[in-house]
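Accompanying notes for the structure given below.
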Amino acid sequence: MQNEEQQSLKHDFTFGGGPTNSYYFANGLGITYEVMFQPSGHLFPDYPEFNRDVFEFIIRIEENILTINPPADSLLPPTIAAIFRDFFKREGAVVVYICDSSDGRQAVRFRKFNSWYSYFEGRGTPLMKIDLEFEDKDMPVYTSLIVQAKHPLLQRIIVAYQQLILWADDPDKQ
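In structure tokens form, the structure reads like this:
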């Protein structure tokens, strides 16, 4: 019964699929979200052994009839956690999160993302998360790598991620 109760303490979501592996859910206040896992093998072109399994996590508001910023929603973290659980049923998936920094609110977004992940992590997870940041035009860009802790290529994936961030942080990159 408790497991059923915990399962219901989230927004219902649907998997829409498509080229961005999209999930959709509404919060009951007129806000519809799209959670995407966009294929992003281009981030690791030198690692063909796993680059086809790399996805970028993106969350966006698809519809907001409130016309204001969404209010706090205690069901958002368990919903995101459930979506991650569902997506990681995919064998070998590697997820990269790159915080949007276009409006200078990247630190707020990163804290929110970390709170979602800590909700997930607090319920026991076979996943691990590594956070790294780099500077772009004197602005911090926050990133996370999320991968199955028992992924057979875990060490190579971590090295590739670190190299990607070092490259992004290099002011002389081409």
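So the number in the working numbering is just where the residue sits in the sequence shown, counting from 1, plus 418. The C-beta atom is built at its ideal place from N, Cα and C for all residues, glycine as well.
- Under the DSSP assignment, Lys547 falls in the beta strand (DSSP E) whose first and last residues are 545-554.
- Ile477 and Asp430 have their C-alpha atoms some 16 Å from each other.
- DSSP places Ile516 in the strand class (E or B) of the three-state scheme.
- Counting along the chain, Pro495 sits inside the alpha helix (DSSP H) bounded by residues 494-505.
- The alpha-carbon of Pro544 is positioned some 10 Å away from that of Ile564.
- Here the alpha carbon of Ala500 sits roughly 17 Å from the alpha carbon of Glu509.
- Taking a 10 Å sphere around the C-beta of Ser533, we find fewer than 16 other C-beta atoms and assign the residue as exposed.
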